[in-house]
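Structure first, then comments.
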Amino acid sequence: MNAAVQSITWSGLTLAFVPTLIVLAIMWRWSAGVGNGIYATARMLAQLLLIGYVLVYIFETGEPGVVLGVLGFMLVVSSWISMQPLHNKSPRVYRNAFISISVSGLLTLALVSQVVIGIEPWFDPRYLIPLAGMIFAGAMTTISLAGERVQAEVARGVSYPEARRIAMQAALIPIINSLFAVGLVSLPGMMTGQILSGVSPMVAAKYQIIVMSMLFGVTGMSAAMFLYLEQGDFERAS
36 MNAAVQSITW SGLTLAFVPT LIVLAIMWRW SAGVGNGIYA TARMLAQLLL IGYVLVYIFE
96 TGEPGVVLGV LGFMLVVSSW ISMQPLHNKS PRVYRNAFIS ISVSGLLTLA LVSQVVIGIE
156 PWFDPRYLIP LAGMIFAGAM TTISLAGERV QAEVARGVSY PEARRIAMQA ALIPIINSLF
216 AVGLVSLPGM MTGQILSGVS PMVAAKYQII VMSMLFGVTG MSAAMFLYLE QGDFERAS
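Under the working numbering, the residues of the sequence shown are numbered 36 to 273, in order.
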């Protein structure tokens with residue numbers, strides 16, 4: 036297969052924002068928070084361009100200390116972002132989010148990178164950082180969903196065990212829907228990127244199976260751990 040990746044020009048990249056501009060125009064016309072949409076788009080653009088330059092440096096450096104520092108930074112930021120939808124953003128909740136993402140995320144990352152794929156060297160940033168990004172982001176989103184839901188249920192008088200059950204089910208809806216849809220409705224980003232770069236579709240499918248499995252595992256474990264830690268704090272406060 037042709038392994039060459041089609042280059043994207045800056046003018047082509049600009050044209051890719053046409054659908055975004057249409058949505059922003061609709062948001063403005065309907066007073067649906069266009070400012071937030073513009074800010075999110077601008078932030079996305081700045082972050083991705085910046086990370087492109089940063090990853091070039093990290094890949095060229097190839098130092099394990101640098102890679103571990105990046106992973107630590109990702110854990111701190113993902114834990115902070117996971118708290119944004121929550122009503123209670125206390126240091127205790129941040130601690131629980133950080134522990135949940137770190138334990139479930141690092142265990143999953145170690146299994147996938149060192150045992151399943153067996154990357155050499157073990158800190159190869161071309162594998163470790165993208166995998167960590169997917170894992171930590173999945174855990175982050177699930178904790179946001181679980182935390183927001185459990186706080187809402189407890190606030191309306193539901194017992195914690197029942198609130199935990201509802202929150203767990205709600206938090207896993209996105210990943211379960213993705214498991215149902217993958218291959219039938221959507222070709223996920225990693226698989227699509229590999230195919231576009233010339234990798235065999237069967238090899239890309241195997242990698243995507245690993246990704247979907249690790250995401251289901253890390254999202255479920257992180258949500259369960261967070262809800263367990265929150266229950267302990269909730270019972271001590273009662």
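Note that beta-carbon positions come from the ideal geometry of N, C-alpha and C, so glycine has one too.
Could you tell me which residues DSSP puts in a beta bridge with residue i?
i: V150; result: In DSSP, V150 forms no bridge with anything.
In the structure shown, what three-state DSSP assignment does residue i receive?
i: V193; result: coil
i: M62; result: helix
i: E155; result: coil
i: L144; result: helix
i: S139; result: helix
i: A51; result: coil
i: I201; result: helix
i: S42; result: coil
i: L180; result: helix
i: G68; result: coil
i: L56; result: helix
i: L207; result: coil
i: N37; result: The predicted position of N37 is uncertain, since its pLDDT is 48 and thus under 50; a value taken from the coordinates is nonetheless stated next. N37 falls in the coil class under three-state DSSP.
For the putative contact between residue i and residue j, defined by C-beta atoms under 8 Å, what is the C-beta separation to the nearest angstrom?
i: S125; j: T177; result: That pair is no contact at about 20 Å.
i: M169; j: L250; result: 7 Å
i: S148; j: L166; result: 6 Å
i: A172; j: L262; result: Going by Cβ atoms, the distance from A172 to L262 rounds to 19 Å, so no, they are not a contact pair.
> On the three-pair Cβ rule with 8 Å, is the segment 183-193 touching the segment 232-242?
Replying inline: No, the segment 183-193 does not touch the segment 232-242.
>> So within the segment 229-271, which uninterrupted alpha helix (DSSP H) runs reach at least 4 residues, ignoring any that extend past its ends?
In response: Within the segment 229-271, there are no complete alpha helix (DSSP H) runs of at least 4 residues.
>> With three or more C-beta pairs closer than 8 Å as the rule, is the segment 134-146 touching the segment 84-102?
In response: Too few Cβ pairs lie closer than 8 Å, so no.
> At which residue ranges does the segment 74-137 contain complete alpha helix (DSSP H) runs of 4 or more residues, listed in the order of the chain?
Replying inline: The segment 74-137 contains these whole alpha helix (DSSP H) runs: 99-117.
> So does the segment 133-140 actually touch the segment 72-80, counting three or more Cβ pairs closer than 8 Å?
Replying inline: Counting Cβ pairs under 8 Å, fewer than three are found: no touch.
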